[in-house]
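In our numbering, the protein residues as written are 132 to 468. We put the CB at the ideal spot given by N, CA and C, even for glycine. Values in this document were obtained by computation on a predicted structure and should not be read as measured data.
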(Lines of atoms letter the chains of each structure in order from A and count residues from 1; the text may use other names and numbers.)
(Lines give C-alpha, C1' and ligand atoms only; values in the text may rest on other atoms or scores of the structure.)
Protein backbone atom coordinates (compact mmCIF):
# COMPACT_ATOMS: atom_id res chain seq x y z
CA UNK A 1 0.00 0.00 0.00
CA UNK A 2 2.94 2.36 0.43
CA UNK A 3 3.86 4.88 3.07
CA UNK A 4 2.40 8.25 4.06
CA UNK A 5 3.36 11.17 6.30
CA UNK A 6 1.49 11.62 9.60
CA UNK A 7 1.83 13.82 12.70
CA UNK A 8 1.52 11.41 15.62
CA UNK A 9 1.36 12.04 19.35
CA UNK A 10 3.07 9.61 21.74
CA UNK A 11 0.78 9.88 24.76
CA UNK A 12 3.12 8.76 27.59
CA UNK A 13 5.77 11.36 26.67
CA UNK A 14 3.39 13.88 25.04
CA UNK A 15 5.79 14.02 22.11
CA UNK A 16 4.52 15.04 18.66
CA UNK A 17 6.45 13.35 15.87
CA UNK A 18 6.26 13.56 12.09
CA UNK A 19 6.50 9.96 10.93
CA UNK A 20 6.35 7.81 7.81
CA UNK A 21 3.66 5.20 8.47
CA UNK A 22 1.86 2.62 6.41
CA UNK A 23 -1.00 4.03 4.38
CA UNK A 24 -4.21 2.46 5.76
CA UNK A 25 -6.57 0.31 3.74
CA UNK A 26 -10.35 0.67 4.08
CA UNK A 27 -12.12 -2.33 5.53
CA UNK A 28 -15.76 -3.29 5.15
CA UNK A 29 -17.98 -0.24 5.56
CA UNK A 30 -15.03 2.17 5.48
CA UNK A 31 -13.65 4.76 3.07
CA UNK A 32 -10.11 6.08 2.67
CA UNK A 33 -9.92 9.85 2.29
CA UNK A 34 -7.06 11.77 0.75
CA UNK A 35 -6.74 14.68 3.19
CA UNK A 36 -6.84 18.16 1.63
CA UNK A 37 -7.10 20.23 4.83
CA UNK A 38 -7.01 19.62 8.59
CA UNK A 39 -7.71 22.19 11.30
CA UNK A 40 -5.53 22.81 14.34
CA UNK A 41 -7.67 23.12 17.47
CA UNK A 42 -6.95 24.12 21.06
CA UNK A 43 -7.99 20.58 21.99
CA UNK A 44 -4.96 19.36 20.03
CA UNK A 45 -2.78 21.70 22.08
CA UNK A 46 -4.32 20.34 25.28
CA UNK A 47 -3.70 16.76 24.18
CA UNK A 48 -0.05 17.60 23.64
CA UNK A 49 0.39 19.51 26.91
CA UNK A 50 -1.37 16.78 28.91
CA UNK A 51 -4.47 18.75 29.92
CA UNK A 52 -6.57 16.23 27.98
CA UNK A 53 -6.03 12.50 27.63
CA UNK A 54 -7.66 9.90 25.37
CA UNK A 55 -10.07 7.62 27.18
CA UNK A 56 -10.65 4.99 24.49
CA UNK A 57 -7.37 4.89 22.55
CA UNK A 58 -5.94 1.45 21.84
CA UNK A 59 -2.18 1.74 22.12
CA UNK A 60 -0.06 4.72 23.14
CA UNK A 61 0.20 6.75 19.92
CA UNK A 62 -2.41 8.52 17.80
CA UNK A 63 -2.47 10.66 14.66
CA UNK A 64 -4.00 13.98 15.69
CA UNK A 65 -6.64 15.99 13.83
CA UNK A 66 -10.43 15.95 14.21
CA UNK A 67 -11.27 18.70 11.69
CA UNK A 68 -10.72 17.13 8.28
CA UNK A 69 -11.82 17.51 4.66
CA UNK A 70 -10.65 15.79 1.50
CA UNK A 71 -11.57 13.54 -1.40
CA UNK A 72 -12.42 9.86 -1.33
CA UNK A 73 -9.47 7.82 -2.55
CA UNK A 74 -10.82 4.31 -2.08
CA UNK A 75 -13.87 2.54 -0.71
CA UNK A 76 -14.05 -0.68 1.26
CA UNK A 77 -16.22 -3.73 0.82
CA UNK A 78 -19.95 -3.05 0.85
CA UNK A 79 -19.70 0.74 0.48
CA UNK A 80 -22.16 1.92 -2.17
CA UNK A 81 -23.03 5.48 -1.08
CA UNK A 82 -19.57 6.90 -1.85
CA UNK A 83 -17.19 6.75 -4.78
CA UNK A 84 -13.63 7.82 -5.51
CA UNK A 85 -13.15 11.53 -6.14
CA UNK A 86 -16.09 12.81 -4.06
CA UNK A 87 -15.38 15.84 -1.85
CA UNK A 88 -16.21 15.19 1.81
CA UNK A 89 -15.99 16.50 5.35
CA UNK A 90 -15.20 13.91 8.00
CA UNK A 91 -17.18 13.88 11.21
CA UNK A 92 -15.18 14.64 14.35
CA UNK A 93 -16.13 11.29 15.81
CA UNK A 94 -17.80 7.94 15.24
CA UNK A 95 -20.22 5.83 17.25
CA UNK A 96 -19.04 2.26 17.73
CA UNK A 97 -21.16 -0.24 19.66
CA UNK A 98 -23.04 2.64 21.24
CA UNK A 99 -19.88 4.48 22.35
CA UNK A 100 -18.70 7.75 20.81
CA UNK A 101 -15.05 7.83 19.79
CA UNK A 102 -13.36 11.13 18.95
CA UNK A 103 -11.27 11.32 15.78
CA UNK A 104 -7.65 12.27 16.41
CA UNK A 105 -8.06 11.41 20.09
CA UNK A 106 -9.42 7.87 20.45
CA UNK A 107 -8.40 6.78 16.94
CA UNK A 108 -6.22 8.15 14.14
CA UNK A 109 -7.23 11.53 12.75
CA UNK A 110 -6.44 13.72 9.79
CA UNK A 111 -3.00 15.23 10.39
CA UNK A 112 -1.85 12.84 7.68
CA UNK A 113 -1.91 12.37 3.94
CA UNK A 114 -4.78 9.90 4.22
CA UNK A 115 -7.44 9.16 6.85
CA UNK A 116 -9.91 6.33 7.36
CA UNK A 117 -13.58 6.90 8.09
CA UNK A 118 -16.69 4.86 8.58
CA UNK A 119 -18.99 5.31 5.58
CA UNK A 120 -21.56 6.87 7.95
CA UNK A 121 -19.15 9.40 9.52
CA UNK A 122 -18.71 11.82 6.65
CA UNK A 123 -20.78 14.38 4.75
CA UNK A 124 -20.53 15.57 1.15
CA UNK A 125 -18.72 18.91 0.75
CA UNK A 126 -20.30 21.17 -1.90
CA UNK A 127 -17.98 22.27 -4.71
CA UNK A 128 -18.41 25.95 -3.83
CA UNK A 129 -16.95 25.52 -0.32
CA UNK A 130 -13.12 25.42 -0.19
CA UNK A 131 -11.50 22.50 1.60
CA UNK A 132 -9.97 24.72 4.31
CA UNK A 133 -13.35 26.19 5.27
CA UNK A 134 -15.04 22.79 5.08
CA UNK A 135 -12.41 21.25 7.35
CA UNK A 136 -13.02 23.58 10.29
CA UNK A 137 -16.80 23.21 10.36
CA UNK A 138 -16.64 20.00 12.44
CA UNK A 139 -15.89 21.32 15.96
CA UNK A 140 -14.87 24.95 15.36
CA UNK A 141 -18.32 25.73 13.97
CA UNK A 142 -20.50 22.72 14.72
CA UNK A 143 -19.68 22.70 18.44
CA UNK A 144 -20.93 26.27 19.05
CA UNK A 145 -23.84 25.54 16.69
CA UNK A 146 -24.88 22.57 18.83
CA UNK A 147 -24.36 24.58 22.02
CA UNK A 148 -26.57 27.38 20.70
CA UNK A 149 -29.35 25.48 18.95
CA UNK A 150 -29.60 22.34 21.10
CA UNK A 151 -28.07 22.66 24.58
CA UNK A 152 -28.68 26.38 25.06
CA UNK A 153 -31.86 26.37 22.92
CA UNK A 154 -31.39 30.06 22.10
CA UNK A 155 -34.54 31.74 20.81
CA UNK A 156 -34.82 34.91 18.70
CA UNK A 157 -34.41 38.17 20.67
CA UNK A 158 -32.91 36.45 23.72
CA UNK A 159 -30.02 38.30 25.35
CA UNK A 160 -26.86 36.22 25.09
CA UNK A 161 -23.29 36.54 26.39
CA UNK A 162 -20.21 34.84 24.93
CA UNK A 163 -17.15 34.51 27.18
CA UNK A 164 -13.97 33.75 25.23
CA UNK A 165 -13.89 34.89 21.61
CA UNK A 166 -11.32 32.44 20.27
CA UNK A 167 -11.66 29.75 17.63
CA UNK A 168 -15.09 28.61 18.87
CA UNK A 169 -16.37 31.79 20.50
CA UNK A 170 -16.00 33.98 17.41
CA UNK A 171 -18.09 31.48 15.45
CA UNK A 172 -20.64 31.47 18.25
CA UNK A 173 -21.07 35.21 17.73
CA UNK A 174 -21.67 34.69 14.01
CA UNK A 175 -24.12 31.89 14.65
CA UNK A 176 -26.01 33.79 17.36
CA UNK A 177 -26.45 36.61 14.89
CA UNK A 178 -27.83 34.11 12.38
CA UNK A 179 -30.43 32.73 14.82
CA UNK A 180 -31.57 36.20 15.93
CA UNK A 181 -30.13 36.56 19.46
CA UNK A 182 -30.26 40.16 20.70
CA UNK A 183 -28.24 41.69 22.19
CA UNK A 184 -25.09 39.63 21.71
CA UNK A 185 -22.47 40.58 24.30
CA UNK A 186 -18.93 39.26 23.88
CA UNK A 187 -16.52 39.21 26.82
CA UNK A 188 -12.76 38.73 26.46
CA UNK A 189 -9.64 40.26 28.07
CA UNK A 190 -7.99 40.62 24.64
CA UNK A 191 -8.65 43.84 22.75
CA UNK A 192 -7.99 42.02 19.47
CA UNK A 193 -10.56 39.38 20.36
CA UNK A 194 -13.10 42.06 21.28
CA UNK A 195 -12.58 43.82 17.95
CA UNK A 196 -12.98 40.47 16.21
CA UNK A 197 -16.24 39.87 18.07
CA UNK A 198 -17.67 43.19 16.93
CA UNK A 199 -16.67 42.43 13.34
CA UNK A 200 -18.41 39.05 13.64
CA UNK A 201 -21.67 40.65 14.75
CA UNK A 202 -21.55 41.26 18.50
CA UNK A 203 -23.53 44.26 19.73
CA UNK A 204 -21.12 44.88 22.61
CA UNK A 205 -17.63 43.63 23.39
CA UNK A 206 -16.49 43.99 27.00
CA UNK A 207 -13.25 43.44 28.88
CA UNK A 208 -13.74 40.75 31.52
CA UNK A 209 -11.63 42.89 33.89
CA UNK A 210 -13.92 45.92 33.51
CA UNK A 211 -15.37 46.71 36.99
CA UNK A 212 -18.45 48.14 35.27
CA UNK A 213 -19.19 44.93 33.35
CA UNK A 214 -22.15 43.91 35.47
CA UNK A 215 -23.76 47.33 35.20
CA UNK A 216 -23.10 47.48 31.45
CA UNK A 217 -24.78 44.11 30.90
CA UNK A 218 -27.72 45.23 33.03
CA UNK A 219 -28.09 48.39 30.98
CA UNK A 220 -27.92 46.51 27.68
CA UNK A 221 -30.59 44.00 28.75
CA UNK A 222 -33.14 46.33 30.27
CA UNK A 223 -31.97 45.37 33.78
CA UNK A 224 -33.05 41.77 33.13
CA UNK A 225 -29.68 40.09 32.66
CA UNK A 226 -28.66 37.46 30.11
CA UNK A 227 -31.06 34.75 29.07
CA UNK A 228 -28.11 32.55 28.06
CA UNK A 229 -24.37 32.78 28.77
CA UNK A 230 -21.78 30.63 27.01
CA UNK A 231 -18.40 29.85 28.53
CA UNK A 232 -15.96 29.07 25.71
CA UNK A 233 -12.93 29.84 27.88
CA UNK A 234 -13.13 26.97 30.37
CA UNK A 235 -12.06 29.25 33.22
CA UNK A 236 -13.70 29.07 36.71
CA UNK A 237 -13.63 32.87 37.12
CA UNK A 238 -15.54 33.23 33.84
CA UNK A 239 -18.28 30.95 35.07
CA UNK A 240 -18.67 32.91 38.29
CA UNK A 241 -18.82 36.18 36.36
CA UNK A 242 -21.37 34.79 33.89
CA UNK A 243 -23.61 33.46 36.68
CA UNK A 244 -23.56 36.92 38.23
CA UNK A 245 -25.22 38.50 35.18
CA UNK A 246 -27.74 35.76 34.33
CA UNK A 247 -31.43 36.61 34.23
CA UNK A 248 -33.99 34.68 36.28
CA UNK A 249 -34.29 31.20 34.70
CA UNK A 250 -31.15 31.98 32.71
CA UNK A 251 -28.93 29.22 31.33
CA UNK A 252 -25.16 28.97 31.63
CA UNK A 253 -23.74 26.65 28.96
CA UNK A 254 -20.26 25.24 29.61
CA UNK A 255 -18.42 24.59 26.33
CA UNK A 256 -14.80 25.34 27.26
CA UNK A 257 -13.07 22.35 28.84
CA UNK A 258 -11.32 22.50 32.19
CA UNK A 259 -10.32 20.07 34.92
CA UNK A 260 -11.03 22.69 37.58
CA UNK A 261 -14.03 22.34 39.95
CA UNK A 262 -17.29 24.13 39.26
CA UNK A 263 -18.56 26.29 42.12
CA UNK A 264 -21.78 28.24 42.60
CA UNK A 265 -20.85 31.00 45.04
CA UNK A 266 -24.40 31.91 46.07
CA UNK A 267 -26.42 28.72 45.95
CA UNK A 268 -29.52 30.30 47.48
CA UNK A 269 -29.65 33.02 44.80
CA UNK A 270 -29.06 30.43 42.08
CA UNK A 271 -31.95 28.28 43.28
CA UNK A 272 -34.26 31.24 43.94
CA UNK A 273 -33.75 32.51 40.38
CA UNK A 274 -34.21 28.97 39.01
CA UNK A 275 -31.10 29.23 36.90
CA UNK A 276 -29.48 26.28 35.13
CA UNK A 277 -25.95 25.12 34.30
CA UNK A 278 -25.66 22.91 31.23
CA UNK A 279 -22.63 20.99 30.01
CA UNK A 280 -21.98 20.79 26.29
CA UNK A 281 -19.61 18.73 24.14
CA UNK A 282 -19.41 18.49 20.34
CA UNK A 283 -22.55 18.29 18.24
CA UNK A 284 -24.90 15.89 16.47
CA UNK A 285 -22.75 15.67 13.31
CA UNK A 286 -25.28 14.00 10.97
CA UNK A 287 -27.68 16.88 11.70
CA UNK A 288 -25.35 19.84 12.30
CA UNK A 289 -22.96 19.40 9.37
CA UNK A 290 -25.60 19.38 6.59
CA UNK A 291 -27.31 22.37 8.22
CA UNK A 292 -24.11 24.40 8.40
CA UNK A 293 -22.90 23.42 4.94
CA UNK A 294 -26.28 24.47 3.54
CA UNK A 295 -26.02 27.85 5.27
CA UNK A 296 -22.51 28.38 3.90
CA UNK A 297 -23.47 27.23 0.41
CA UNK A 298 -26.40 29.65 0.35
CA UNK A 299 -24.24 32.58 1.47
CA UNK A 300 -25.87 32.95 4.89
CA UNK A 301 -22.57 32.17 6.63
CA UNK A 302 -19.00 32.79 5.51
CA UNK A 303 -15.94 31.40 7.28
CA UNK A 304 -13.28 32.63 4.86
CA UNK A 305 -12.09 35.09 7.52
CA UNK A 306 -11.64 32.24 10.01
CA UNK A 307 -8.67 30.75 8.16
CA UNK A 308 -5.77 32.62 9.71
CA UNK A 309 -3.02 30.66 7.93
CA UNK A 310 -2.51 27.48 5.94
CA UNK A 311 0.67 25.54 6.73
CA UNK A 312 2.14 22.32 5.29
CA UNK A 313 1.71 19.18 7.38
CA UNK A 314 5.47 19.15 8.01
CA UNK A 315 5.00 22.32 10.11
CA UNK A 316 2.40 20.75 12.44
CA UNK A 317 4.52 21.33 15.56
CA UNK A 318 5.00 24.97 14.58
CA UNK A 319 1.25 25.40 14.11
CA UNK A 320 0.63 23.97 17.60
CA UNK A 321 3.15 26.39 19.08
CA UNK A 322 1.56 29.34 17.24
CA UNK A 323 -1.87 28.46 18.61
CA UNK A 324 -0.52 27.82 22.11
CA UNK A 325 1.18 31.23 22.21
CA UNK A 326 -1.65 32.93 20.27
CA UNK A 327 0.94 34.24 17.83
CA UNK A 328 -0.97 36.62 15.57
CA UNK A 329 -4.21 35.79 17.46
CA UNK A 330 -5.28 33.07 15.00
CA UNK A 331 -8.86 31.90 14.72
CA UNK A 332 -8.01 28.67 12.91
CA UNK A 333 -4.75 27.36 11.52
CA UNK A 334 -5.05 24.71 8.83
CA UNK A 335 -2.57 22.00 7.84
CA UNK A 336 -2.33 20.85 4.23
CA UNK A 337 -0.50 17.58 3.40
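Proximity winner among the options, relative to residue i (alpha-carbon distances)
| i | options | result |
| --- | --- | --- |
| residue 214 | 229, 162, 262 | 162 |
| residue 202 | 216, 189, 307 | 216 |
| residue 138 | 171, 280, 164, 159 | 171 |
| residue 367 | 212, 294, 168 | 294 |
| residue 378 | 349, 165, 317 | 349 |
| residue 156 | 182, 195, 136, 204 | 204 |
| residue 307 | 334, 370, 340 | 334 |
| residue 337 | 317, 396, 354, 188 | 317 |
| residue 430 | 257, 190, 227 | 257 |
Residue i to residue j span [Cα, whole Å]
| i | j | result |
| --- | --- | --- |
| residue 385 | residue 133 | 44 angstroms |
| residue 439 | residue 264 | 11 angstroms |
| residue 469 | residue 324 | Nothing can be reported for residue 469, as the shown portion of the chain is limited to 132 through 468. |
| residue 466 | residue 321 | 26 angstroms |
| residue 427 | residue 175 | 25 angstroms |
| residue 449 | residue 179 | 13 angstroms |
| residue 436 | residue 347 | 29 angstroms |
| residue 292 | residue 152 | 45 angstroms |
| residue 390 | residue 177 | 11 angstroms |
| residue 181 | residue 223 | 20 angstroms |
| residue 225 | residue 373 | 33 angstroms |
| residue 459 | residue 303 | 21 angstroms |
| residue 310 | residue 135 | 42 angstroms |
| residue 533 | residue 376 | Residue 533 falls outside the range modelled here, since the chain spans only 132 to 468, and no answer is possible. |
| residue 185 | residue 281 | 26 angstroms |
| residue 411 | residue 300 | 14 angstroms |
| residue 442 | residue 144 | 25 angstroms |
| residue 296 | residue 328 | 7 angstroms |
| residue 286 | residue 387 | 22 angstroms |
| residue 197 | residue 169 | 8 angstroms |
| residue 207 | residue 229 | 22 angstroms |
| residue 249 | residue 212 | 12 angstroms |
| residue 148 | residue 284 | 41 angstroms |
| residue 267 | residue 392 | 30 angstroms |
Those residues which DSSP pairs with residue i across a bridge
| i | result |
| --- | --- |
| residue 283 | Paired residue(s): none; residue 283 is not in a bridge. |
| residue 456 | Its beta-bridge partners do not exist; DSSP assigns none. |
| residue 294 | 318, 362 |
| residue 203 | 164 |
| residue 247 | 163 |
CB-CB length for residue i against residue j, believed under 8 angstroms
| i | j | result |
| --- | --- | --- |
| residue 193 | residue 236 | 7 angstroms |
| residue 199 | residue 166 | 6 angstroms |
| residue 221 | residue 252 | 7 angstroms |
| residue 231 | residue 290 | Incorrect: roughly 33 angstroms between the Cβ atoms, too far for contact. |
Within-8 angstroms CB hit, residue i to chain D
| i | result |
| --- | --- |
| residue 157 | In the structure shown, chain D cannot be found, because there is only a single protein chain. |
Three-way DSSP call (helix, strand, coil) for residue i in this model
| i | result |
| --- | --- |
| residue 302 | helix |
| residue 449 | helix |
| residue 428 | helix |
| residue 267 | helix |
| residue 141 | strand |
| residue 422 | helix |
| residue 176 | helix |
| residue 186 | coil |
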